[in-house]
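Sequences listed follow chains X and L, in order. In terms of my numbering, the first sequence opens at residue 1 and continues consecutively. In terms of my numbering, the second sequence opens at residue 1 and continues consecutively. Here the structure comes first, spelled out in structure tokens, and everything after it is commentary.
There are 2 protein chains.
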Amino acid sequence: MTTRSYERVERTVATINDVLNVINVLTWDARVHMPAAGAGARAEQLATLTTIAKGHLTNPALAADVARAQTELGADATLVQRRTLAAVREAVSHHERIPDDLTERLARAKGTAQQAWVEARRDDDFGTFAPHLARMLDLKREVASYTAPDRPVYDALLHEYEPGMTASALRTLFERLKATLGPLVAAIAETGAPRAEVLRQQFDVSRQRAFALGIAERFGYDLRRGRLDEAPHPFEISFSTNDVRITTRYDPAFLGQSVFATWHEAGHGIYEQYADPAYARSALSSDLIGLYAVSGTSYGTHESQSRLWENLVGRSRAFWDVHYGELVYAFPGQLQDVDVETFYRAINTVTPSPIRVEADEVTYHLHVILRFELEVALLDGSLGVDDLPGAWDEAMQATLGLRPRNDREGVLQDIHWSAGLVGAFPTYTIGTVMASQFFAAALRNAPGIQSDLARGEYSSLLGWLREHVYRHARLHGADELLRNATGSDLDPSAFLEYVTNKYGALYDV
Amino acid sequence: MTTRSYERVERTVATINDVLNVINVLTWDARVHMPAAGAGARAEQLATLTTIAKGHLTNPALAADVARAQTELGADATLVQRRTLAAVREAVSHHERIPDDLTERLARAKGTAQQAWVEARRDDDFGTFAPHLARMLDLKREVASYTAPDRPVYDALLHEYEPGMTASALRTLFERLKATLGPLVAAIAETGAPRAEVLRQQFDVSRQRAFALGIAERFGYDLRRGRLDEAPHPFEISFSTNDVRITTRYDPAFLGQSVFATWHEAGHGIYEQYADPAYARSALSSDLIGLYAVSGTSYGTHESQSRLWENLVGRSRAFWDVHYGELVYAFPGQLQDVDVETFYRAINTVTPSPIRVEADEVTYHLHVILRFELEVALLDGSLGVDDLPGAWDEAMQATLGLRPRNDREGVLQDIHWSAGLVGAFPTYTIGTVMASQFFAAALRNAPGIQSDLARGEYSSLLGWLREHVYRHARLHGADELLRNATGSDLDPSAFLEYVTNKYGALYDV
Numbered sequence: 001m002t003t004r005s006y007e008r009v010e011r012t013v014a015t016i017n018d019v020l021n022v023i024n025v026l027t028w029d030a031r032v033h034m035p036a037a038g039a040g041a042r043a044e045q046l047a048t049l050t051t052i053a054k055g056h057l058t059n060p061a062l063a064a065d066v067a068r069a070q071t072e073l074g075a076d077a078t079l080v081q082r083r084t085l086a087a088v089r090e091a092v093s094h095h096e097r098i099p100d101d102l103t104e105r106l107a108r109a110k111g112t113a114q115q116a117w118v119e120a121r122r123d124d125d126f127g128t129f130a131p132h133l134a135r136m137l138d139l140k141r142e143v144a145s146y147t148a149p150d151r152p153v154y155d156a157l158l159h160e161y162e163p164g165m166t167a168s169a170l171r172t173l174f175e176r177l178k179a180t181l182g183p184l185v186a187a188i189a190e191t192g193a194p195r196a197e198v199l200r201q202q203f204d205v206s207r208q209r210a211f212a213l214g215i216a217e218r219f220g221y222d223l224r225r226g227r228l229d230e231a232p233h234p235f236e237i238s239f240s241t242n243d244v245r246i247t248t249r250y251d252p253a254f255l256g257q258s259v260f261a262t263w264h265e266a267g268h269g270i271y272e273q274y275a276d277p278a279y280a281r282s283a284l285s286s287d288l289i290g291l292y293a294v295s296g297t298s299y300g301t302h303e304s305q306s307r308l309w310e311n312l313v314g315r316s317r318a319f320w321d322v323h324y325g326e327l328v329y330a331f332p333g334q335l336q337d338v339d340v341e342t343f344y345r346a347i348n349t350v351t352p353s354p355i356r357v358e359a360d361e362v363t364y365h366l367h368v369i370l371r372f373e374l375e376v377a378l379l380d381g382s383l384g385v386d387d388l389p390g391a392w393d394e395a396m397q398a399t400l401g402l403r404p405r406n407d408r409e410g411v412l413q414d415i416h417w418s419a420g421l422v423g424a425f426p427t428y429t430i431g432t433v434m435a436s437q438f439f440a441a442a443l444r445n446a447p448g449i450q451s452d453l454a455r456g457e458y459s460s461l462l463g464w465l466r467e468h469v470y471r472h473a474r475l476h477g478a479d480e481l482l483r484n485a486t487g488s489d490l491d492p493s494a495f496l497e498y499v500t501n502k503y504g505a506l507y508d509v
Numbered sequence: 001m002t003t004r005s006y007e008r009v010e011r012t013v014a015t016i017n018d019v020l021n022v023i024n025v026l027t028w029d030a031r032v033h034m035p036a037a038g039a040g041a042r043a044e045q046l047a048t049l050t051t052i053a054k055g056h057l058t059n060p061a062l063a064a065d066v067a068r069a070q071t072e073l074g075a076d077a078t079l080v081q082r083r084t085l086a087a088v089r090e091a092v093s094h095h096e097r098i099p100d101d102l103t104e105r106l107a108r109a110k111g112t113a114q115q116a117w118v119e120a121r122r123d124d125d126f127g128t129f130a131p132h133l134a135r136m137l138d139l140k141r142e143v144a145s146y147t148a149p150d151r152p153v154y155d156a157l158l159h160e161y162e163p164g165m166t167a168s169a170l171r172t173l174f175e176r177l178k179a180t181l182g183p184l185v186a187a188i189a190e191t192g193a194p195r196a197e198v199l200r201q202q203f204d205v206s207r208q209r210a211f212a213l214g215i216a217e218r219f220g221y222d223l224r225r226g227r228l229d230e231a232p233h234p235f236e237i238s239f240s241t242n243d244v245r246i247t248t249r250y251d252p253a254f255l256g257q258s259v260f261a262t263w264h265e266a267g268h269g270i271y272e273q274y275a276d277p278a279y280a281r282s283a284l285s286s287d288l289i290g291l292y293a294v295s296g297t298s299y300g301t302h303e304s305q306s307r308l309w310e311n312l313v314g315r316s317r318a319f320w321d322v323h324y325g326e327l328v329y330a331f332p333g334q335l336q337d338v339d340v341e342t343f344y345r346a347i348n349t350v351t352p353s354p355i356r357v358e359a360d361e362v363t364y365h366l367h368v369i370l371r372f373e374l375e376v377a378l379l380d381g382s383l384g385v386d387d388l389p390g391a392w393d394e395a396m397q398a399t400l401g402l403r404p405r406n407d408r409e410g411v412l413q414d415i416h417w418s419a420g421l422v423g424a425f426p427t428y429t430i431g432t433v434m435a436s437q438f439f440a441a442a443l444r445n446a447p448g449i450q451s452d453l454a455r456g457e458y459s460s461l462l463g464w465l466r467e468h469v470y471r472h473a474r475l476h477g478a479d480e481l482l483r484n485a486t487g488s489d490l491d492p493s494a495f496l497e498y499v500t501n502k503y504g505a506l507y508d509v
């Protein structure tokens, strides 16, 4: 059943969802095509649309309709209705609590902090960025004081990206990861230098594109409802389930860049493309707290699908046993004398390096944990902003055994903090952990998948993920989705088993 | 001076202008990049933004502020303030008069009529389009009955594209044009077949692009604030004066396509790029009646600039005397044995043909006049929709001496009517007439321009147009702008002198 007030809620959410999808179009265009001179007007347009979306959300008529619909539907409410009303109610409360002037100060601080970060990174000068970071942390603390005055600051911020997750749960998770990954990295380091030279040759960019995109399509990324463009920082973004775009970047002298970035983004894209079309323009395809149109149910869940297709499938031996011939066919001059074993080792080299985005499957999470620990310390005041570069370098030394040569390849490497993304890094590792859980459950529950993968047939894996993950969009929170699909809560066992087995075999450790 | 209520008007208009510019981004993306499957969601997004823009415009608070500002500013109002208040007041009154359900019915009819037109044209079946056209004409009549109940229907519709213009003024203009162009076309037809074979060879598309764009930049189109993409139907669209995009299409077997389309759209783009930046986000860069973000002051004025750069400059003998060598350098195999005189004649062939968009500078206007006369007859009821194809073919025979082979190359060739653009065709000819007036005034007032053009130097012409046309954006209506710049009202003398001299010499008639 439905009621007039519930229908009014649906209509308002549809308007908000349209506006959020339009914001995504503006974002895509700004990153892919916009001439630099257009940035000023684009910022105004984005601010105007955000104000419009927020205005619809905090209009008292919406809150009144939500309350009325709740009473009218009562126990007859369907799961979709309950989840819709809960999501709208929570978002209304979140946005109502934040004073308008704080929203404005935060928006302005993001603009100036990102600019300051770009310049500080260029000049390798943390000092000019420090006051902006301090200000951003103050503002994020202030936001948390309004949105969740009863919760620790870190938990309040984390909640925007990974609802329900807490710093204390993360600490437990990260301790388990460190206990295995630390020794594994150390053991691998002792086996000698990795061999990835085969990836560092000249590879024609249009052939890189054709190969990477052809595989992405076989995974399930539907080009009739998407497109692949080039962008300096690869990303995925959707304007509806029928228009989900991905981007990649090409390095003509390195094969390891475009191919894996394409599959990573295609994994994100597949999640969006296979959300139930019935949820179009609804709260189940809108992050109403983050004011972002997306069908994935949390940052971590989204990342689980990009990592699943990129790593668990795209960096597996089974995958390359099937597809390596196609790659050699595309690049005979570069690869005809390289056997699949050598290539497989090259794309799975493990090396401590200072840069997170270039890190391998094993060391990557040590980068995330380092950031998490520093974020927590910055927010609770036990670490001052001025002491951050030193703390960063020491943590690097302690976890990865190296010191950044400068702040540019150290504390200044990521855009996140300057963009107001404080508490978001852990979702990368959460996603990786989830990816292994989903993948293991799929193989366990549908035994045909393994043999299908071994012959380059991806539809059974895609089918399982559609059924258990993609179609639900935001109907379930990440916890519930994971439990329904895998029978477990977030648990690093599957991931640790995967890396231990895979890299143990590869490096004989 | 300013007042609080005037500032509130400015802020509301800034919001509306942002939304209209965002609609332009969505339109550009839909025509250039969007996968076809994205069309459904995009239509919803466009409808939502249009509703939002209209909602801001018809909010009673805006009308109240306009009235208050008018009283407060009184005789102290600047020209900008007066024009702003007048434009907002007229738009509010326009949109308030149209009932919401009519807006919705019209929007829906546009969607279905365009689809029906696409199919009818594909199948060469006017019968399936006829009821949609009849319905569209009814709806446009209904709109006119609300927006201008005291004016003839055609004048009310025309006013949306060319404010102040009337059917009766057009009839006078068109009679003068016909009296010269008809005999000129007939005389040219007797001189024998045109010679344009040199354009019909294989021309590498990337070289076409480089040549066309290089010239557009020399005209003044600023690529730092724009970009050129490919689209099946070339168009120009702007998101701010700092982001003005143009598109073209390429025919590898015909040089006459991409080059002139690029300069045509660059002419539109130059108009937008050189509007006074002080008018950004204001009523002076918004068509608040058409709900379209644009700095050009009318459809005709805009078209005057595309035609000026494409034809008066780009198809002139002076231009090719300077630049033909560059073209031969780009296409030596195709053109090294073709002299500039032969090439100049090829790009200026005059031939009656059934298709408007392929027509030359002389016959083009006979296509427009034919459409105008049929539109008037359809709207006043003297011509029924079912009799339209016959009337079309007869008019073609009478004015151009040919009969379309079918409705696809006859009455079904243009998208305009199905898109609700009834009364818009005349602006193409108005623009052409204005172009010759502006160009003649520039040469008359700034004698250095002629010799600059003769050596491929366009900055003095651009400078004159910036000063007298572009910078003003929508501060003056088309009439006033034309009078200020040229000293005359709309007058076809300059255009008729131009075509008579140019084509008289070319064809010796």
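Glycine included, each C-beta is placed from N, C-alpha and C at the ideal position.
| field | Backbone CA spacing between residue 97/X and residue 64/L [nearest angstrom] | value | The residue labelled residue 97/X in the question sits at position 97 within the first sequence. The residue labelled residue 64/L in the question sits at position 64 within the second sequence. About 31 Å.
| query | What span of residues does the beta strand (DSSP E) with residue 239/L cover, start to end? | reply | Along the second sequence, one-based indexing puts residue 239/L at 239. That run of the beta strand (DSSP E) goes 236-240.
| Burial state of residue 283/X, where buried means 16 or more other Cβ atoms lie within 10 Å | Residue 283/X sits at position 283 when you count from the first residue of the first sequence. Answer is buried; the Cβ neighbour count reaches 16.
| field | C-alpha distance - residue 308/L paired with residue 351/L, whole-angstrom precision | value | As a working note, residue 308/L is residue 308 in the second sequence. As a working note, residue 351/L is residue 351 in the second sequence. So the two alpha carbons sit approximately 21 Å from each other.
| query | Hey, quick one: how far does the beta strand (DSSP E) through residue 226/L stretch, first residue to last? | reply | Position 226 of the second sequence, counted from the start, is the residue given in the question as residue 226/L. It spans 226-230 - the beta strand (DSSP E) in which residue 226/L sits, taken as one unbroken run.
| field | Interfacial residues, the stretch 53-66 of chain X to chain L, with Cβ spacing under 7 Å | value | none
| Which residues DSSP lists as bridging residue 449/L, in chain order | Numbered from its first residue, the second sequence carries residue 449/L at position 449. The partner list for residue 449/L (beta bridge, DSSP) is empty, contrary to what the question assumes.
| task | Helix, strand or coil for residue 244/L, going by three-state DSSP, please let me know. | result | For the purposes of this step, residue 244/L is taken as residue 244 along the second sequence, with counting starting at 1. Three-state result, residue 244/L: strand.
| said: I'd like the span of the alpha helix (DSSP H) that includes residue 396/X, first residue to last. | reply: Locating residue 396/X in the first sequence gives position 396, counting from the first residue. Counting along the chain, the alpha helix (DSSP H) containing residue 396/X begins and ends at 388-400.
| Within chain X, partners of residue 45/L - CB distance below 7 Å | As a working note, residue 45/L is residue 45 in the second sequence. 18, 21, 22, listed in chain order.
| For residue 242/X, which residues in chain L fall below 7 Å Cβ to Cβ? | Position 242 of the first sequence, counting from 1, holds the residue named residue 242/X. By Cβ distance, chain L contributes 37, 38, 40, 41.
| request: Examine chain X for any beta-carbon lying closer than 8 Å to the beta-carbon of residue 198/L, and answer yes or no. | output: The residue labelled residue 198/L in the question sits at position 198 within the second sequence. So no, residue 198/L is outside the interface.
| field | residue 367/X to residue 291/L span [Cα, whole Å] | value | Here residue 367/X refers to the residue found at position 367 of the first sequence. Here residue 291/L refers to the residue found at position 291 of the second sequence. So the two alpha carbons sit approximately 50 Å from each other.
| task | Spatial neighbours of residue 406/L within its chain, please: CB distance less than 7 Å, with the 5 preceding and 5 following residues excluded, ordered by chain position. | result | Along the second sequence, one-based indexing puts residue 406/L at 406. These residues qualify, in order along the chain: 124.
| said: Quick check on residue 77/L: does DSSP put it in helix, strand or coil? | reply: The sequence position of residue 77/L within the second sequence is 77, counting from 1. Here residue 77/L sits in coil by DSSP.
| said: Classify residue 510/X: buried if its beta carbon has 16 or more other beta carbons within 10 angstroms, exposed otherwise. | reply: The structure shown does not extend to residue 510/X, since chain X is modelled only from 1 to 509, so the question has no answer here.
| request: Quick one: using the 10 Å Cβ neighbour count with 16 as the cut-off for buried, is residue 275/L buried or exposed? | output: Counting from 1 along the second sequence, the entry for residue 275/L is found at position 275. Buried, since its Cβ has 16 or more Cβ neighbours within 10 Å.
| field | Closer than 8 Å to chain C by CB, residue 25/L | value | Given the protein chain composition of this structure (X and L), no chain C is represented.
| query | Within the 8 Å Cβ cut-off, does residue 29/L reach chain X? | reply | Taking the second sequence and counting its residues from 1, one reaches residue 29/L at position 29. True, the Cβ-Cβ gap to chain X drops below 8 Å.
| message | Less than 8 Å between the beta carbons of residue 345/L and residue 506/L, yes or no? | response | Here residue 345/L refers to the residue found at position 345 of the second sequence. Here residue 506/L refers to the residue found at position 506 of the second sequence. Taking 8 Å as the Cβ cut-off, residue 345/L and residue 506/L qualify as a contacting pair.
| message | In whole angstroms, give me the CA-to-CA distance for residue 92/X and residue 13/X. | response | Locating residue 92/X in the first sequence gives position 92, counting from the first residue. Locating residue 13/X in the first sequence gives position 13, counting from the first residue. If I take the Cα positions, the gap works out to 11 Å.
| With residue 239/L and residue 41/X assumed to form a contact (beta carbons below 8 Å), what rounded beta-carbon distance in angstroms separates them? | In the second sequence, residue 239/L corresponds to position 239, counting from 1. In the first sequence, residue 41/X corresponds to position 41, counting from 1. Contact holds; Cβ gap of about 6 Å.
| field | Local conformation of residue 360/L per DSSP, three classes | value | Along the second sequence, read from residue 1 onward, the residue named residue 360/L stands at position 360. Residue 360/L: coil per DSSP, three-state reduction.
| message | Check whether chain L comes within 8 Å of residue 239/X, counting only Cβ atoms and requiring the distance to be less than that. | response | For the purposes of this step, residue 239/X is taken as residue 239 along the first sequence, with counting starting at 1. Taking Cβ atoms only, chain L reaches closer than 8 Å to residue 239/X, which makes this a yes.
| For residue 304/X, which of helix, strand or coil comes out of DSSP? | Here residue 304/X refers to the residue found at position 304 when the first sequence is read from its first residue. Of the three classes helix, strand and coil, the one that applies to residue 304/X here is helix, per DSSP.
| Can you round the beta-carbon distance between residue 209/L and residue 258/L to whole angstroms, since I take them to be within the 8 Å contact cut? | Mapped onto the second sequence, residue 209/L falls at position 209. Mapped onto the second sequence, residue 258/L falls at position 258. About 7 Å separates the two Cβ atoms, so the contact holds.
| message | For the stretch 387-402 of chain L against the stretch 354-372 of chain L, do three or more pairs of beta-carbon atoms, one drawn from each stretch, fall closer than 8 Å, so that the two count as touching? | response | yes
| Just to confirm, are residue 377/X and residue 438/X a CB contact at a threshold of 8 Å? | Here residue 377/X refers to the residue found at position 377 when the first sequence is read from its first residue. Here residue 438/X refers to the residue found at position 438 when the first sequence is read from its first residue. No; because the gap between Cβ atoms is not below 8 Å, this pair is not in contact.
| request: For residue 226/L, decide whether its Cβ has a neighbour in chain X, counting only Cβ atoms nearer than 8 Å. | output: To locate residue 226/L, count along the second sequence from 1; it is residue 226. Interface residue, yes.
| field | 8 Å contact criterion, which residue 365/X and residue 177/X should meet: CB distance rounded | value | Your numbering for residue 365/X matches position 365 in the first sequence. Your numbering for residue 177/X matches position 177 in the first sequence. Residue 365/X to residue 177/X, Cβ: 5 Å. Contact.
| message | Once the 5 residues before and after residue 117/L are set aside, which same chain residues still bring their CB inside 6 Å of it? | response | The count along the second sequence starts at 1 and reaches residue 117/L at position 117. Contacts found: 129, 418.
| request: Decide if residue 145/L is buried, meaning its Cβ has at least 16 other Cβ atoms within 10 Å, or exposed. | output: Position 145 of the second sequence, counting from 1, holds the residue named residue 145/L. Exposed: under 16 other Cβ atoms inside 10 Å.
| task | Compare the C-alpha of residue 279/X against each of 248/X, 241/X, 499/X, 187/X and name the closest. | result | Residue 279/X sits at position 279 when you count from the first residue of the first sequence. Per the Cα distances, 241/X.
| field | Spatial distance of residue 202/X from residue 110/X (CA atoms) | value | Taking the first residue of the first sequence as 1, we reach residue 202/X at position 202. Taking the first residue of the first sequence as 1, we reach residue 110/X at position 110. One C-alpha to the other measures close to 39 Å.
| query | What is the residue span of the alpha helix (DSSP H) that residue 22/X lies within? | reply | By 1-based counting over the first sequence, the position of residue 22/X is 22. Start and end: 4-32.
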